Amino acid sequence: MTTIRQRRVGKGTEAAEDQPSEETNVKLDGKIPSDHTGGKLWNILSIIIGGVVAVSLGLLTSVYVATLHENDLWFSNIKEVEREISFRTECGLYYSYYKQMIQAASIQQGLHGLVYDNKTESVRTINILERMNVYQEVFLSILYRILPIQQYLEPVYFYIYTLFGLQAVYVIALYVTSWLLSGTWLSGLLAACWYITNRVDTTRVEFTIPLRENWALPFFAVQIAAITYLLRTHLQPLQERLTLMVVFIATFLFSLTWQFNQFMMLIQALALFVLDCLDMLPTTKVTWLYIIQISALLLVCVLQFFNSMILGSLLISFNASVLIARAIQKNLKKGGFLTRLGKLILHVLLVLCLTLVINKFIKKILNLESDEHIFKFLKAKFGFGATRDFDAKLYLCEEAFGLLPLNTFSRLSDTLLFYVYIFVLFPMAVAAVIVAFRNLSGSNQGQLMEEMEECTITLKPDAAYSLVHTVLFGCLALSTMRMKYLWTSHMCVFASFGLCSSEVWKIILKCVHLYTSQRAQVIKYSIPIITLLYISYKFWPGIMDELSELREFYDPDTVELMNWIKSNTPNTAVFAGSMQLLAGVKLCTGRTLTNHPHYEDKNLRERTKQIYQIYAKRSPDDVFRILRSFGTDYVILEDSICYERRHSRGCRLRDLLDVANGHIMDGLGENEPDLKPSLYPRFCEEIKKNLPSYTTHFTRVFQNKTFHVYKLAKHK
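Shown next as structure tokens:
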């Protein structure tokens, strides 16, 4: 098991043009009447300063996470096999394709090896470019081969530095989004500082470098920044076209680099749909965004050799349904409140029905079952019936797919982020409800318009989108902890925007009858500056201590296992074991696998369940027959799984297998009435006794404190 131990040896945008200004004095964001020459120069200077600060913070964040990674593992000093083992679980699988492309005799042979891969899944030839989102590894490996850097930079450093560099893009995009929303780069500065000081909850790039989300989320942040700019009023046609192009490129790169892109963009499409129905976004721009999402996903589908999971995605079905329903209901936004409300309800029902019909039709035509495990998981998670499905329970029992822990809010509150977020969210949400009601009522009465003026200013299209975006992704994060990184990063943007927004402070101060233009401006800048000073004072010493703490990678058992495999087994040997370990086996040794952690394939899921019978109560004959059916030569058993204590009873892997096989679980506790005792003992325990019924099929060839490797007999 991989651990980290203490080191024993030391080693040496522009500001918003449509933001109203309450005063003519020079302010931090450079808002002065545009007809004043000095004002124009100050605006330019402010933009330059804001841009320099954005780039500087992005680069500092990149260096910060790179330093943490080096300090945690002593990456520059450990052996290559230790570096590769540090890429845990699926991270190692993805990195193995980068390594494979680097080591190929030519780029053409490397690509051929990916398109016709027979080492990732034994007795099967699969197309890696179709099954997995690894184009980033392909691009990076080609770039490394053609650039004259081989003598100066190792392939692994080129890879990890690229990921750390993307963190700079991520922070800059968050900074720019907050700047665009508030009109002052002070807001962007606060957003970036919150992102850094809440690193534990905003990113995990320093210890899961090759994870798909670390590639994708920077592009998602760029897309959100571009959408924020697109939703501003009074854009010139050229500005609008260029912004749409940026949105498309960012959406395409986001979709290309993460297999879960369709679910994230579906939530984004739902946000656009809600706001469009409530007349809070311009319909033409929303239509363009729907088309961009579909186009980007279809382009990725082509690049992934017409991956059926993409074609059967809910996103394509939903966006197509919205466009069809809108064409059918042409007068959706006309009439009084009750008329509009009735039309809106019918519109929502029509879109939902069309989405289900289109999606069902596509999946029927394509015989698509790749994503069924996700819907089984969601059905069980939200209480729509208990399940014994092995795949669904495998997700349900993982902490990453559970509810967001309460201590997350405690950490976010320490930096004041969560408090400010709620403080901004409440008035914005109230304003959104009132504005939505006014839009649906279609009233133009002067008194109502006067009463709602401040809400209208606050809920401009870009702010309205940001509000619904953060609410929907907040719901996702609360339900699934792994998805919190999509929410917390935008939380930094939303909270900083609200704290630096004239409109938000105007609403709040008017509610308590304390509003004056001067007071709003003073608060708009003083509160963020005080917050920044507090964050710096409280967290700067901790960051310095963190950067000075030196540890090293330490996993001697896994290192010993990988070295033994490389030295004592043929290159063509096939290994069976846990998904997580086998990803490392492929990366470190290049041996063929029976299964792996990329779970988005029905045949692989069924295969994995069969391989995992090594931890179930099955006879040695059954286990041998199953393993040989997948061409297995060696099987690796892990004590950490066989005698697992990390999960509670009912969520241990052996428990999931027992229930799926109809057997009662080990230990004290209740069992479902139809479960029965197994006729056989647990395979992973009994094989260690070297009984004749086991030694006939399995011979132990390697053993240490963590792993036991058995060679399978050649007889059928």
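One gets the numbering used here by counting positions in the sequence shown from 1 and adding 4 to each.
Glycine included, each C-beta is placed from N, C-alpha and C at the ideal position.
Keep in mind that this is a model prediction, so the values were computed, not measured.
Nearest residue (CA-CA) to residue i, options the options
| i | options | result |
| --- | --- | --- |
| residue 325 | 302, 298, 313 | 298 |
| residue 591 | 272, 65, 558, 90 | 90 |
| residue 581 | 646, 371, 493, 118 | 646 |
| residue 199 | 98, 64, 631, 51 | 64 |
| residue 117 | 673, 594, 464, 617 | 594 |
| residue 139 | 400, 261, 662, 411 | 261 |
| residue 214 | 373, 166, 62 | 166 |
| residue 635 | 716, 673, 707, 280 | 716 |
| residue 237 | 98, 685, 559, 465 | 465 |
| residue 343 | 444, 619, 706, 296 | 444 |
| residue 436 | 69, 374, 42, 282 | 282 |
| residue 531 | 505, 518, 550, 641 | 505 |
| residue 682 | 693, 564, 661 | 661 |
| residue 473 | 309, 337, 696, 271 | 271 |
| residue 320 | 400, 269, 338, 309 | 269 |
| residue 323 | 73, 307, 300, 341 | 300 |
Host beta strand (DSSP E) of residue i (start-end)
| i | result |
| --- | --- |
| residue 533 | Counting along the chain, residue 533 falls outside any beta strand (DSSP E), though it belongs to the alpha helix (DSSP H) covering 521–552. |
| residue 715 | 711–716 |
| residue 640 | 638–642 |
| residue 704 | 702–707 |
| residue 578 | 578–580 |
| residue 555 | 555–558 |
Outcome for residue i when other beta-carbon atoms lying within 10 angstroms are tallied against a minimum of 16
| i | result |
| --- | --- |
| residue 349 | exposed |
| residue 36 | With a pLDDT of 39 at residue 36, under the threshold of 50, the modelled position of this residue cannot be trusted; read the value that follows with caution. The residue is buried, with at least 16 neighbouring Cβ atoms inside 10 Å. |
| residue 700 | exposed |
| residue 249 | exposed |
| residue 459 | Because residue 459 carries a pLDDT of 41, less than 50, the predicted location of this residue cannot be relied on, and the following value inherits that uncertainty. Buried, since its Cβ has 16 or more Cβ neighbours within 10 Å. |
| residue 263 | buried |
| residue 433 | exposed |
| residue 112 | exposed |
| residue 34 | Reliability fails at residue 34, whose pLDDT of 40 lies under 50, so the model's placement of it is uncertain and no value is given. |
| residue 4 | It is not possible to answer for residue 4, since the shown part of the chain is limited to 5 through 720. |
| residue 331 | exposed |
| residue 374 | buried |
| residue 240 | exposed |
| residue 233 | buried |
| residue 494 | buried |
| residue 638 | buried |
| residue 81 | exposed |
| residue 479 | exposed |
| residue 157 | exposed |
| residue 27 | Because residue 27 carries a pLDDT of 35, less than 50, the predicted location of this residue cannot be relied on, and the following value inherits that uncertainty. Residue 27 is exposed by the Cβ-count criterion. |
| residue 357 | exposed |
| residue 204 | exposed |
First through last residue of the alpha helix (DSSP H) which encompasses residue i
| i | result |
| --- | --- |
| residue 424 | 421–445 |
| residue 466 | 465–483 |
| residue 676 | From DSSP, residue 676 is part of no alpha helix (DSSP H); its letter is neither H nor E. |
| residue 412 | 411–418 |
| residue 694 | Segment: none, residue 694 is in no alpha helix (DSSP H) and carries neither H nor E. |
| residue 380 | 376–385 |
| residue 160 | 159–186 |
| residue 114 | 111–119 |
| residue 198 | 189–201 |
| residue 495 | 488–503 |
Cβ shell of residue i (< 6 Å), same chain only, five flanking positions each side left out
| i | result |
| --- | --- |
| residue 596 | 123, 126, 578 |
| residue 21 | Low per-residue confidence applies at residue 21: pLDDT is 37, beneath 50, and the placement is therefore not dependable, though the value from the model is reported in the following sentence. Taken in chain order, the list of residues that qualify is empty. |
| residue 641 | 688, 712 |
| residue 705 | 713, 715 |
Other residues of its chain near residue i: CB distance less than 7 Å, five sequence neighbours each side excluded
| i | result |
| --- | --- |
| residue 601 | 93, 94, 97, 583, 584, 587 |
| residue 311 | 134, 305 |
| residue 643 | 710 |
Residues near residue i by beta carbon distance below 8 Å, same chain, minus five either side
| i | result |
| --- | --- |
| residue 680 | 666, 667, 668 |
Inset, instruction - Evaluate the contact criterion for the segment 170–190 versus the segment 72–84: three or more CB pairs, one atom per stretch, below 8 Å. - result: no
Legend entry - Meets three-Cβ-pair contact criterion under 8 Å: the segment 403–415 and the segment 480–495: yes
Legend entry - Segment contact flag, the segment 541–556 with the segment 512–526, C-beta cutoff 8 Å, min 3 pairs: no
Inset, instruction - Spell out a yes or no on whether the segment 85–105 and the segment 157–164 are touching, meaning 3 or more CB-CB pairs, one atom from each, closer than 8 Å. - result: yes
Inset, instruction - Determine, using beta-carbon pairs with one atom in the segment 168–181 and one in the segment 128–137, whether at least three such pairs fall under 8 Å. - result: no
Inset, instruction - Decide yes or no for the touch test of the segment 412–431 against the segment 492–511: beta carbon pairs closer than 8 Å, at least 3 of them. - result: yes
Inset, instruction - Could you tell me whether the segment 686–705 touches the segment 625–632, where touching means 3 or more Cβ pairs closer than 8 Å? - result: yes
Legend entry - Touch test, the segment 284–291 against the segment 303–322, Cβ-Cβ under 8 Å, three pairs minimum: no
Inset, instruction - State whether the segment 44–55 contacts the segment 186–198, with contact taken as three or more CB pairs (one from each stretch) at a distance under 8 Å. - result: yes
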